[in-house]
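Some notes on the structure that comes next.
Numbering (our numbering), first residue to last: 52 to 299.
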């Protein structure tokens with residue numbers, strides 16, 4: 052009869068001795084002791100906790116990924132808004148409205164100004180150094196108002212424009228002189244299709260691209276009467292509670 056009995060414990064492993072009828076002994080060799088590396092070889096975090104090999108590799112944190120994502124999304128949003136309203140990123144070069152508005156690119160502005168009596172008259176007057184009293188007498192009031200801006204008016208590829216420095220960056224704006232038939236459509240591009248900006252922001256966008264006499268008044272009125280803006284805007288008047296006598 053065989054007998055198996057524990058004889059020794061080394062490094063946590065039981066060494067067994069087998070006796071078989073007094074003939075021979077078979078010893079099971081213990082497993083080699085577990086090698087413990089030097090603590091200096093283990094990477095340790097600042098808080099004292101050991102790091103896995105995967106953690107020792109340099110990788111972007113979630114905050115870094117979020118930051119890159121935000122920058123990418125913001126850039127795409129800004130570019131989409133600029134394309135919608137015809138806004139060019141800040142630059143020192145002159146700004147041209149028709150080239151930045153896809154809806155107005157196909158318009159023949161030279162012919163549109165020829166068809167308008169006021170812009171046609173002013174364009175012809177720019178070629179004259181002085182107008183005689185008789186020539187001034189036949190001019191309409193709208194043409195006379197536009198001629199008051201004569202120092203800033205110029206022809207660019209045969210199209211009437213107006214020069215104006217940007218009050219913030221001092222970049223020179225080249226404002227297209229819009230005939231009346233195109234004014235509200237240009238306002239819709241800068242207001243309705245751009246997210247219904249307020250009157251002041253819409254006016255700034257329009258002034259950087261277009262010009263006509265009485266432009267500020269028209270744009271502020273159109274923006275204030277926009278149905279969507281009126282429904283969204285909170286009432287500005289506050290109702291006061293009725294006065295009641297104080298009981299003693």
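For every residue, glycine included, the Cβ atom is placed at its ideal position computed from N, Cα and C.
Everything numeric in this text was worked out from a predicted model, so none of it was measured.
For residue i, name the three-state secondary structure that DSSP assigns.
{"i": "residue 263", "result": "coil"}
{"i": "residue 290", "result": "coil"}
{"i": "residue 195", "result": "helix"}
{"i": "residue 253", "result": "helix"}
{"i": "residue 277", "result": "coil"}
{"i": "residue 177", "result": "helix"}
{"i": "residue 296", "result": "coil"}
Please return the same chain residues whose Cβ sits closer than 7 angstroms to the Cβ of residue i, not counting the five positions on each side in sequence.
{"i": "residue 254", "result": "267, 270, 271"}
{"i": "residue 141", "result": "Low confidence applies here, because residue 141 scores a pLDDT of 39, under 50, leaving its location unreliable; read the following figure in that light. Closer than 7 angstroms at Cβ, skipping near neighbours: 220."}
{"i": "residue 165", "result": "171"}
{"i": "residue 190", "result": "172"}
Could you check where the beta strand (DSSP E) with residue i kicks off and where it finishes?
{"i": "residue 212", "result": "210-216"}
{"i": "residue 225", "result": "223-228"}
{"i": "residue 240", "result": "That residue, residue 240, is in no beta strand (DSSP E); its alpha helix (DSSP H) goes 234-241."}
{"i": "residue 206", "result": "204-207"}
Suppose you measure from the CA of residue i to the CA of residue j; what does that come to, to the nearest Å?
{"i": "residue 209", "j": "residue 176", "result": "14 angstroms"}
{"i": "residue 224", "j": "residue 293", "result": "53 angstroms"}
{"i": "residue 238", "j": "residue 257", "result": "7 angstroms"}
{"i": "residue 199", "j": "residue 263", "result": "12 angstroms"}
{"i": "residue 187", "j": "residue 196", "result": "12 angstroms"}
{"i": "residue 248", "j": "residue 212", "result": "25 angstroms"}
{"i": "residue 218", "j": "residue 201", "result": "20 angstroms"}
{"i": "residue 182", "j": "residue 167", "result": "20 angstroms"}
{"i": "residue 252", "j": "residue 297", "result": "48 angstroms"}
{"i": "residue 178", "j": "residue 278", "result": "44 angstroms"}
CB-CB under 6 angstroms to residue i, same chain, minus the five flanking residues each way: which ones, in chain order?
{"i": "residue 172", "result": "194"}
{"i": "residue 280", "result": "247"}
Tell me the residue span of the alpha helix (DSSP H) that contains residue i.
{"i": "residue 220", "result": "Counting along the chain, residue 220 falls outside any alpha helix (DSSP H), and DSSP gives it neither H nor E."}
{"i": "residue 166", "result": "160-166"}
{"i": "residue 184", "result": "184-188"}
Tell me which same chain residues have a C-beta within less than 8 angstroms of the C-beta of residue i, skipping the five on either side of it?
{"i": "residue 250", "result": "270, 271, 274, 275"}
**OP:** May I ask you to verify whether the segment 199-206 touches the segment 156-171, counting CB pairs closer than 8 angstroms and requiring at least 3?
**Re:** no
**OP:** Evaluate contact between the segment 160-169 and the segment 219-230, counting only Cβ atoms and requiring at least three cross-stretch pairs below 8 angstroms.
**Re:** yes
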